[in-house]
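Chains as they are written, first to last, in our numbering: chain A, 6 to 1084; chain B, 23 to 525. Glycine included, C-beta positions come from ideal geometry on N, C-alpha and C. Below is one structure, written out as structure tokens; comments come after it.
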């Protein structure tokens, strides 16, 4: 029994003060103790209702008899209304209203009080309510403070709080202790039906609840209509009514999707008609954003509930019906209700509380990951565990010091660049394995996304995912203010080269937490990793993929160890899978090693670790998608990556390789990594509980060592004629395998030296015996950065500059999008390179892209340029670009002959060929003979411009009438009759969206290879146009048209699937708040 | 002393075993690498063929003829000449012998070099194509397809009037960026016109330098001569130096290539003393051969030293019987940047080849004069030429009957003997083929019948440097009209540049 009826009645009376006559509407759906409890509470109240109208919905309608038999019948008039069984409480209450009510209210009734069997009003509840109703004539509806029947200290509701859009806020939260914190509330938007006291006239006029709006919705709607009728709705905290937890009459929380939607419908039904569309729009927007926020907060149910609010918009007839039913009685402006709605600040606070559930309610915290182990948490925990102020904690953080040491070393190493060539940060670097180039984030992204990719003429295959991964940093660096980046892709690569050592020190430090929480060993090992000889070699030689491995490999190793262990979490597995995908995009070989380990984990690991290993393996496989298949198809690609090629002849001797020396590197002696190997052997002797870890890490080192010894014997190809180092045998860079070996050895060292007692006082002489090992680690950790900084980059890397004149570089972009043909004489012949806006390779790579498909299927070659019957003259004269056409054109330029015997190739002038190739500018290396330059001078359609960057330049006169004498030939042109016009290109590889005007039926000629046609979709005014004869020529009817050319992904469903998988992976990898059980 | 417990012993033992296993595995890997010579080759899928350069048959060829030389100078009265251009492609047999296949069909056209001009005459077989020249402008001869390999052309005119007299026969040639022309003189009434033809589509700027007996002649008038696209510019060399008695002209270009020739016309008082065109001579070298100098009167060899060092120059004549020194020794020192002349006047009448050797690179040309004192006359310039590498030839407008031009081919082989296949095509297009053996440092004369329209020489054997020229004459004695035209090289193939794609 509740404590609400513990006081005896004091002056009970049947009528309220000042002539108030209250009719209590008691809904009964079952006869039992609950009804008796309610009747007992009624009769002991300090104010008795004048009439008790029993709405008897029980089977057999026995409630009336019970009520009449109860002592309440001696105090008040009991009227029984036999309500159809199954009718809801609110519908039953409404039987007393309307033109022909089922039950007439007694004459003189000034107020109706809604009750239901099981509800227990406090002794003075009705008096307090009636007083509140009487106190102000404008008050029309009052509601009590509703508490839990079983535990009256817990609140059920103190009015209904909602925003203008119908978002109901749970204040108080269900179960929140009643400490009087809501007793200051008075005017509210709505009150629940339980214990509601309404002025009888208003009740009649409003027609009671509209059950079609649900329970909470109907309650909110009734109050809302009361407000619109010009009456106040108050909550009276001094009036307490206890209601059972199962009663839907006392709830003020939108804790089910149906209630949320119902509240939204009320908002839509009660707003001004002209604001309804905007409100609906806003509702949709906030629901989606709210859902997204909840999703990001890893609250999928809450996200689903948010999004489910959209359902309120899907059945507008219900809203319209409610609006129709409540169309009359509005006497106040809706804007006057502004103060009743919950403001944005409170909504934000409420959402914040939900996103931070650990501080809200105890049960909410169970949704969170109890042992999230993200990197951010690691850092935060490290800082937090140090104690003291933030500055003090950071000052005592060895991890920070190790990173700072690496920054100082890197800064010193790059002193020449920073001092003299700051341009490296604007245009990127060239030298070593870096090629440089004007690369943007857009070109990088399209290089991966589009089915047709690559620089020059492009290749019939998408680029590797490394391009897509570089696109993000390139975009960021392009938007750094005041930097003036001219080649964001190159600048991003340069930033990576410069920042690798500090980043690697940091990631190694963080990853070491898997082994030990001790910071100094991790910091020392991190430095030893980041400034190792192989790391310095990777930096000095600009080996992009190796730099990525330096940064990511520690995280992958640590994540793999964690996810396969007992403390692993799904978050760890997802994060490891994502990082592994990034690593695999640059260094596929390391991903293969990881996949082997993960597959072994799937087979051998216990319990949930199998699933985590599966997730970590599936993510990179799915994310790398078809590219992985291509790589597997070319084993040579599997062993390389951007910047991971080397000459077989430059491989160190076997003994040097065995000591992990990558070759001459700055001031590093060849034995610089030997102390690490020695330390690892010593640490292997350490036993105790980590024997398995030591053994596995040691074997990882052996595998890496075996790889380093083997790869110099794997022939990948020969440097082609004309290129630097022609004739040299190409092999994979052995440093990649060395990184794996070093990771294993440093792991052994970290395991071996962690958690050891070094003080003699505690560890005895055994502790003293450990000092030399620690000293050796310190020497390695300090010596590496010192050698790296001292040696510097040694002039091997320098800022890249575009050899093209500014006008050529400018016209490579929209709208001309033309190419520049650079001719560079080599001892083996004339080397050529077609430079366009499309992304060139930033780093030396094996270049098997499109090797199978081929960029030239023969149709584009001069010998096979015959056009099918029925094509236009322009299409017939057009030769699709191809490497053969480029070679023939160059021979035609330089020799006066194409070298193609028996062909009709001589029919076309060289300049026409250049136009077909989309070449707007020709650059001839100044080392070429004067005769060659003279030939170009004498070539029709070439206009000499000047010299820049070691090249003499000519402009290819476009076949278009242009007032601008500086315009080169365009990538796309429209030939209509005798008129040729350039067509603006807005995207990559001829993709565009523009308007064209053809005076007569014309032909659109796109300077792309024939195979490009398979990847391109050309539409004119929305209708797809077929290529003429399979070549990139399209018929354009006369008139003004909307032209669209898109270069589609090779497997769109893969691409979108990858995007979805990435989102899922990111979602799973999102760190969640570490649960802290509230006291 | 504390005895180790059994768990401690076990732990230490396991640790030692672990170290041994891992270190042993590492050592084993190193040992295996030392012991084996294992290797793998994954290069099959990564090699991409590059476009290889190789000699290939020409599919188009163009030679340039000067056009009407005596017109086109502003302020100077144009003199019309009845010039004709005869063009032909090498015989099919010769082409097939060298290319290994039949040349196929093609076209050969003669017309103005003006952009877009249609050929005034054309043919689709291997008969000579004869076209006229425009009143003012150059002529281009274009071969295409099967008629592109081995195209030669000769521009020729003959005038025997009171004011102008001469037989002018000049081989047409290619546009170049550097040309040496030996022609001209300082005699009163002598006028040299340098004709520059630009077949290209862009304006070309030419610099004209002149060398004389006293050294290089500096004149701003020779700088930056603009030759319009698809056009011609004619310059009077008198504007550079009118007094130089032994000029040698050097033409260099910027922004394109030009064909250059000098017309040398001499009116001695009121007597027409002759006219001839001089085409570019062989590039500076220490050994040069002028294949044919028709000596029958005053004859001189002019040698210029382009370099910075004086050159000791020696001349000798080469006749059917071999080489002979000049009567007066034929050795002299020519100063750097200067011109020297050697007199061949004491030689018996006949056609000789002249070999010039020097210790510094030189250029050389010869002048043969036919003129009695005070009477009308004529002269002919002949220059040193490059050896015939494959095929060389000449095309002529067939002439027969009274006043027909008589022609004779002279072949010279220097250094070693050489064998040649000589094809003479008559007016009807019928070829006659004969083999000619030319001994070392000797000449061989081949008479060309009247009406000869083409003459072709193809090397067949021997290591000697083979050269040839056709001496054309009309009349006899001191009043003879004379012209000498070196056989023009007729390239059949071109060594295409190897093109390599760069990353």
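| Asked | Found |
| --- | --- |
| By how many angstroms is the C-alpha of residue 448 (chain A) removed from the C-alpha of residue 36 (chain B)? | 56 angstroms |
| Please report the distance separating the alpha-carbon of residue 496 (chain A) from that of residue 838 (chain A). | 22 angstroms |
| CB-CB under 6 angstroms to residue 353 (chain B), same chain, minus the five flanking residues each way: which ones, in chain order? | 336 |
| Whole angstroms is fine: what's the gap from residue 525 (chain B)'s alpha carbon to residue 730 (chain A)'s? | 13 angstroms |
| Along chain B, which residues have their Cβ under 7 angstroms away from the Cβ of residue 831 (chain A)? | 522 |
| When you check each C-beta in the segment 921-954 of chain A against every C-beta of chain B, which residues fall closer than 8 angstroms? | 935, 936, 939, 940, 942, 943, 944, 945, 946, 947, 948 and 949 |
| Going by C-alpha to C-alpha distance, which of B:471, B:225 and B:284 sits closest to residue 137 (chain B)? | B:225 |
| Report buried or exposed for residue 382 (chain A), applying the criterion of at least 16 other Cβ atoms within 10 angstroms of its Cβ. | Caution is warranted here: a pLDDT of 39 is assigned to residue 382 (chain A), below 50, making its placement in the model unreliable, and no coordinate value can be reported. |
| So that I know if they touch, is there some Cβ in chain A lying closer than 7 angstroms to that of residue 508 (chain B)? | no |
| Taking Cβ positions only, does residue 245 (chain B) come closer than 7 angstroms to chain A? | no |
| With respect to 6 angstroms, is the separation between the Cβ of residue 238 (chain B) and the closest non-hydrogen atom of the ligand SAM below this value? | Absent from the structure shown: the ligand SAM. Ligands present: none. |
| Going by DSSP in three states, residue 299 (chain A) sits in which element: helix, strand or coil? | helix |
| Buried or exposed, going by whether 16 or more other CB atoms sit within 10 Å of the CB of residue 234 (chain B)? | buried |
| Just checking my contact of residue 431 (chain B) with residue 488 (chain B) at CB under 8 angstroms: how many whole Å lie between their CB atoms? | Actually they do not touch by this definition, with Cβ atoms about 12 angstroms apart. |
| Nearest to residue 464 (chain B) by alpha carbon, out of B:340, B:301 and B:424? | B:340 |
| Cutting at 7 angstroms between CB atoms, please list the residues of its own chain near residue 513 (chain A), excluding the five before and the five after it. | 530, 531, 534, 535 and 559 |
| Kindly indicate if chain B contains any beta-carbon less than 7 angstroms away from that of residue 818 (chain A). | no |
| In whole angstroms, what is the alpha-carbon distance linking residue 739 (chain A) and residue 707 (chain A)? | 14 angstroms |
| Taking all protein chains shown into account, decide if residue 1072 (chain A) is buried (16 or more other Cβ within 10 angstroms of its Cβ) or exposed. | exposed |
| Against residue 719 (chain A), what residues of chain B qualify as contacts under a CB-to-CB distance less than 9 angstroms, listed in chain order? | 61, 62, 63 and 64 |
| For residue 168 (chain A) and residue 346 (chain A), what's the separation of their Cα atoms in angstroms? | 5 angstroms |
| Anyone know if the C-beta pair for residue 924 (chain A) and residue 961 (chain A) falls short of 7 angstroms? | yes |
| Does any residue of chain B bring its CB to less than 7 angstroms from the CB of residue 686 (chain A)? | yes |
| Check distances from the C-beta atoms of the segment 832-847 of chain A to those of chain B and list, in chain order, the residues that come in under 9 angstroms. | 833, 834, 835, 836, 837, 838, 839, 845 and 846 |
| Can you name, in chain order, every residue of its own chain whose Cβ lies under 6 angstroms from the Cβ of residue 290 (chain B), other than the five neighbours on each side? | 211 |
| I need the straight-line Cα distance from residue 307 (chain A) to residue 298 (chain A), nearest angstrom please. | 9 angstroms |
| Could you tell me which residues DSSP puts in a beta bridge with residue 823 (chain A)? | Paired residues: none, contrary to the question. |
| In whole angstroms, what is the alpha-carbon distance linking residue 581 (chain A) and residue 635 (chain A)? | 23 angstroms |
| Return the bridge partner residues of residue 453 (chain B) from the DSSP annotation. | B:447 |
| Have a look at residue 397 (chain B) and residue 287 (chain B) and give me their C-alpha separation to the nearest angstrom. | 15 angstroms |
| Mind checking who residue 364 (chain B) pairs with in its DSSP beta bridge? | B:323 |
| Run through the segment 409-465 of chain A for me and flag every whole alpha helix (DSSP H) of 4 or more residues, listed as ranges in chain order. | 420-425, 429-432 and 446-454 |
| Would you say residue 460 (chain A) and residue 845 (chain A) are within 7 angstroms of each other, going by their C-beta atoms? | yes |
| What does the alpha-carbon distance come out to for the pair residue 116 (chain B) and residue 171 (chain B)? | 10 angstroms |
| Taking the straight line between their C-alpha atoms, what separation do you get for residue 862 (chain A) and residue 1013 (chain A)? | Since pLDDT at residue 862 (chain A) reaches only 43, below the 50 mark, its modelled position is unreliable, and the value read off the structure follows with that caveat. If you take the alpha carbons of residue 862 (chain A) and residue 1013 (chain A), they lie about 13 angstroms apart. |
| Would you call residue 301 (chain B) buried or exposed, if buried means 16 or more other Cβ atoms sit within 10 Å of its Cβ? | buried |
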